[in-house]
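2 protein chains.
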Amino acid sequence: MEEAREEPRVEAVYRQLKAMAVDFRLRPGERLNEGALARDLGTSRTPLREALNRLVAEGLVTFRPGRGFCCRSLDAESVFDLYELRAVLECAAVGLACARAGDDGIAGLEATLAAQADYAGKTVREVTAGDEAFHIAIAGLSGNGELVRQLQGINERIRYIRWIDMQTRVRTTKGEHRAIMAALAARDAPAAVAAMQGHIAKRMDQVVAAVREGYSSIYVPGHAVLFDRPLAGGSDDAQSRHG
Amino acid sequence: MEEAREEPRVEAVYRQLKAMAVDFRLRPGERLNEGALARDLGTSRTPLREALNRLVAEGLVTFRPGRGFCCRSLDAESVFDLYELRAVLECAAVGLACARAGDDGIAGLEATLAAQADYAGKTVREVTAGDEAFHIAIAGLSGNGELVRQLQGINERIRYIRWIDMQTRVRTTKGEHRAIMAALAARDAPAAVAAMQGHIAKRMDQVVAAVREGYSSIYVPGHAVLFDRPLAGGSDDAQSRHG
DNA sequence: GAATGCCCTTCTGTATACAACGCCGCGTGC
DNA sequence: GCACGCGGCGTTGTATACAGAAGGGCATTC
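Residue numbers (this note's numbering), protein chains in the order written: chain R, 1 to 243; chain V, 244 to 486.
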């Protein structure tokens with residue numbers, strides 16, 4: 001079972017467009033030319049517009065009647081709001097997970113975390129995907145499917161920022177994840193929530209400050225290639241070697 | 244300035260379809276015939292499908308490739324998840340509002356609440372709209388636009404259930420709202436969060452139980468007319484008169 | 001020289017046409 | 001008698017055509 005071989009045009013277009021919007025290959029403020037975009041994606045305008053409408057509802061693309069679609073912009077306020085919302089949801093998730101997760105679920109999460117221990121040779125994209133997967137897995141352990149769904153929507157909108165952030169913060173992430181994991185394994189909800197809150201809030205401060213102080217060249221062309229460059233470091237002991 | 248006189252077809256279609264989906268005039272499980280629906284709405288299939296795609300992304304409509312669109316269904320699990328998520332978001336909102344709301348914002352909210360005191364002659368739809376508006380206004384005072392946005396999306400999905408719930412619970416709502424308002428005015432975040440949590444959790448238990456125990460005729464045809472019937476009661480003193 | 005109005009181009013908004021797929025009923029074969 | 005296959009009908013999926021609006025450039029006028 002490689003994949004469902006029946007994939008409608010619009011589905012492929014949708015996924016491609018989403019990927020383009022997430023990593024800002026569609027630049028904000030710039031009107032998307034439907035004709036050209038449809039040609040590039042090898043389709044017609046009808047499925048293209050259907051896909052774009054879905055992305056509008058998800059907040060990845062904006063739409064102004066008569067003027068067409070354009071990619072969202074990431075100002076400091078939106079980033080702050082999204083990070084704050086993410087913190088709220090993830091803290092709630094980990095608290096619920098402490099109460100509801102099965103032992104096998106926690107064991108599985110620990111295994112996943114262990115598998116991510118060595119990030120040597122991985123790209124920023126891959127490491128960030130692992131980070132996101134860890135957080136989503138916790139949300140999954142909360143048992144609330146809607147919570148997972150909302151969180152995924154938020155993740156898509158801040159993924160670009162997390163890529164940037166992850167370029168410099170790889171090493172501190174792991175320890176914080178371990179602390180969250182430990183509290184979760186101990187079913188210590190207050191500790192888990194506190195650890196999660198601290199984990200996200202620290203990132204939020206750094207990220208929002210960066211966006212606010214004019215580093216709004218977050219979406220510069222050519223930036224994206226950095227995310228596919230393998231990282232230098234090895235296991236988490238690398239941190240002490242650098243110290 | 245009555246309204247922006249330039250309203251594209253798709254926008255009108257979208258709002259009409261959303262209204263139909265919210266109050267389950269589109270019945271769940273039943274395939275929507277695009278041709279017929281387009282004819283009914285006086286448009287063609289293209290804008291109809293664009294609107295439906297937006298509703299899919301919002302979770303009001305589901306879509307299965309090759310088989311078309313149909314209205315979401317509200318099983319007990321979804322309702323539980325949505326209420327739980329709503330509680331998480333609203334508790335966070337009221338906590339943030341305690342810290343951030345301006346005095347004028349709080350005054351405005353108090354005025355709104357006072358204006359809702361008398362529900363004599365109002366329909367369930369109207370009273371529920373007021374209830375929702377109160378909660379959304381609190382979220383607005385949190386200063387987090389994304390939080391408001393997410394909450395509105397959730398509200399649309401559970402509005403039908405709140406209509407049903409509100410038929411019997413009108414009177415208790417008001418006192419609870421006053422308690423939340425008082426804690427918010429006193430900037431007492433823990434009390435406000437606790438009041439909000441209790442307010443929503445109480446409703447959640449009742450509502451989920453009702454859905455779970457086979458009262459899944461929540462979306463029976465003809466049910467909707469009840470929501471447009473004026474209520475009997477008067478001001479909140481009515482409660483003591485009944486007691 | 002600058003500003004404003006008009007025309008042209010290009011793009012969006014919507015309808016419609018056609019192709020492909022799924023669904024249902026019937027017939028045939030085992 | 002049951003199951004499998006086939007064909008017709010209806011629906012969805014996609015392309016394309018056309019109309020209307022927005023934006024830009026040029027000319028004209030003050």
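Ideal placement from N, C-alpha and C gives every residue a C-beta, glycine not left out.
At a cut-off of 8 Å, the C-beta of ARG343 (chain V) has no neighbouring C-beta in chain R. Secondary structure at ARG64 (chain R): strand, using DSSP grouped into helix, strand and coil.
The beta carbon of GLU90 (chain R) is closer than 8 Å to those of HIS135, ILE138, ALA139, LEU151, MET196, ILE200 in its chain, skipping five residues each way along the sequence. Contact between ILE423 (chain V) and ALA432 (chain V) does not hold, since their C-beta atoms are separated by about 12 Å, which reaches or exceeds 8 Å. Boundaries of the alpha helix (DSSP H) harbouring TYR83 (chain R): 76-100, taken from the DSSP string. At the C-beta level, THR289 (chain V) and THR46 (chain R) come within 8 Å of one another. Flagged as an interface residue toward chain R: GLY388 (chain V), by a C-beta distance shorter than 8 Å. Beta-carbon to beta-carbon, GLY302 (chain V) and ARG274 (chain V) are separated by about 18 Å, too far to satisfy the 8 Å threshold. Assignment of PRO47 (chain R) by DSSP, reduced to helix, strand and coil, places it in the helix class. Leaving aside the five residues that flank ARG100 (chain R) on each side, the residues in its chain whose CB is nearer than 6 Å to its CB run, in chain order, GLY143. Three or more Cβ pairs drawn from the region 444-452 of chain V and the region 399-414 of chain V lie within less than 8 Å of each other, which places the two stretches in contact. Contact between the region 249-264 of chain V and the region 293-300 of chain V is present, with at least three C-beta pairs closer than 8 Å. Beta-bridge partners assigned by DSSP to PHE377 (chain V): none are found. Distance between ARG315 (chain V) and ARG229 (chain R), taken at the CA atoms: about 43 Å. THR128 (chain R) has its alpha-carbon roughly 7 Å from the corresponding atom of MET166 (chain R). At least one CB of chain R lies nearer than 8 Å to the CB of ARG292 (chain V). The closest CA to that of TYR326 (chain V), considering only V:ALA426, V:ARG400, V:ALA437, is found on V:ARG400. With a 10 Å radius around the Cβ and a threshold of 16 neighbouring Cβ atoms, ASP81 (chain R) comes out buried. In the three-state reduction of the DSSP assignment, PHE24 (chain R) falls in the coil class, being assigned neither a helical nor a strand state.
Of the other Cβ atoms in all chains shown, fewer than 16 fall within 10 Å of the Cβ of GLY66 (chain R); this residue is therefore exposed. GLY364 (chain V): not part of any alpha helix (DSSP H); DSSP gives it neither H nor E.
In the DSSP assignment, ASN387 (chain V) falls outside any alpha helix (DSSP H) and carries neither an H nor an E. Take VAL337 (chain V), set aside five residues on each side of it, and the residues of its chain with a beta-carbon closer than 7 Å to its own are ILE381, ILE423, LEU427, ALA435, VAL436, MET439, in chain order. Between ASN155 (chain R) and GLU132 (chain R), the beta carbon gap of about 6 Å places them in contact (Cβ cut-off 8 Å).
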